[in-house]
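Using the working numbering, the first residue of the sequence shown is number 269, and each one after it goes up by one.
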Amino acid sequence: MLFVHQALSALTLLATFVSGAPSAGLLGLGVGAAVDVDLNIQLLAELGVAITENVTPLTPLADFNLDASLDIRIFFGRGGYGTLQNVAHGARYTITIDIDGEPYPVQFDTGSGDLWLPRANFTCEDGNYTVTDPSNCIFAGRGPTGFSQGTIDDEIYDISYSDKSAINGTFGYGTVSYGGITVQKQQYALADRGYFPGGNNFTSGIMGFGLPSLTEAYYTDGTRNNYSTVPYNSWPFQAIEDGLLAPSQFTVGLFRRGLNDTQNSYGGFVALGGTPPPADFPYTGVWATTPMIKVAYPTFDIPLQYDFYNLQPDGFTVNGNFFEWVSPIQNDTGLQAPTIVDSGTTVSRVPSYVSAAIAQAFEPPAHIDHDFFDWYIAPCNSTVPEVSFRLGGKDFAITPRDILIDGELGEVYSDQSCLMGFQPNPDPSKSNNPSYAANPIFGMTFMRNVVVVHDLENYQLTFGGVLWD
């Protein structure tokens, strides 16, 4: 079948996925390229990646506040598709879940582990954490007044995001469904109070698809666990434990912003139980698998463990020149800080030498704007360099619209200046915890150029090249 992604709604794309008949041999993409479907099937089998028909779309939101980016930091052998919609011109992606029979649109985030909704009587706070008018907390709706399967009396929910958002609440249990998978007893949080400038009229809370170590439950008596978190199964891990997500894989694909796309016409998908069929998706045939990397934080008595979806890149290429990847070093362990793959981070963050090499290759060169987070900006009509990142020995090219972010997502001033899509990491010397260098983050500007298979059994990430345009 022809796969043409140009200004199609997420629902139209989903209908295309479901109705497309499998085909053998070459798949014409309508862009002067063809992909060998059988070859992709063979490569996926060799990499241990399952093929699933269960794919749902990610949905876009229509408002935007770049400073409110999250940035933090299935049927018994069958899979499930789930739609991702983009929010805020590509700064947010959403899914719709069901809790105890009620639907809730929530932000989708692989960089956190908790599912939370604002409680029906949620108290809205401002940036100073004082009570303010409820209209300043613009959720699409509020959650229930309580938990259908009981409250966890000795645990509280407490999370802070890098934009200074903070949510506090209570844990309990309910039945949570997504993509055709129903977890009968899932721990989740109802937020009682908080400051959340990333709210909008389209979503109610966040669904974290991260690892259990990223959950933010604490005992009400902090001395019980030395004021550390009490990990529990996030929704995908509970689905795995219940035998509902098998194989233990999910794939995220964020559609590339094509030149003819309207701001919110492009979305993405979540595939549960593997990755979508090669006959239905424009895979290039370039696949690479990298192990997930454990980290330790001795200063906080946190042993070696998996936390984020971490990897170690091989390097990157700018205009044909290859550079090896040099990771920041943690002062207390001497270990390299791995790179996080996170669907909740709008603009990717990379070591400063990486962003500098990209910036210098612009014509004219991009420059740091000290009035805008010390980030690189460039004229929106600049000549953009060719950039790719090497993972697992394979190069994955980045589209120009993610190297220099145009449109309402990337324009920062009225003088037609646009943001570079790969910005320098924060200076660790200015951090509250100088022992820990900030992890590089491959966020949305990277993820729109690949599909990412998260293998939760073997703790590895598989990347597939795609031709969305």
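Where a beta carbon is used, it is the ideal one built from N, C-alpha and C, also for glycine.
Counted as a single uninterrupted DSSP element, the beta strand (DSSP E) harbouring D637 occupies residues H635 to D637.
Three or more beta-carbon pairs separated by less than 8 Å are not found between the stretch 390–404 and the stretch 370–380, which leaves the two stretches without contact.
In this structure the stretch 550–561 touches the stretch 722–737; the number of beta carbon pairs closer than 8 Å is three or more. Contact between N308 and P544 is ruled out by a C-beta separation of about 11 Å, above the 8 Å threshold. In this structure F584 touches R658 by the C-beta definition: roughly 7 Å separates them, less than 8 Å. The DSSP-derived three-state label of V399 is strand. Contact between the stretch 411–421 and the stretch 505–520 is absent: fewer than three C-beta pairs spanning the two stretches fall below 8 Å. Taken in chain order, the unbroken stretches of beta strand (DSSP E) that lie wholly in the stretch 590–666 and span 3 residues or more are 607–609, 616–618, 635–637, 643–647, 655–659 and 662–666. The three-state reading of DSSP puts G675 in helix, counting H, G and I together. Of Q375, Y425, G395 and P694, the smallest CA-CA separation from F407 is found for Q375.
Where I561 is concerned, there is no enclosing alpha helix (DSSP H), because DSSP gives it neither an H nor an E.
In this structure G612 is buried. Its beta-carbon is surrounded by 16 or more other beta-carbon atoms within 10 angstroms. Inter-residue distance for F630 and Y727 is about 37 Å (C-alpha atoms, whole angstroms). Of L311, V305, E314 and T324, the smallest CA-CA separation from A539 is found for T324. A distance below 8 Å between beta-carbons, with the five flanking residues on each side excluded, links P566 to the following residues of its chain, in chain order: D600 and T601. Residue pairing from DSSP places T519 in a beta bridge opposite A539 and V721.
Within the DSSP secondary-structure output, V444 pairs in a beta bridge with I367 and V451. DSSP places F576 in no beta strand (DSSP E); its state is neither H nor E.
In terms of Cβ geometry, Y621 and L479 do not form a close pair [threshold 8 Å].
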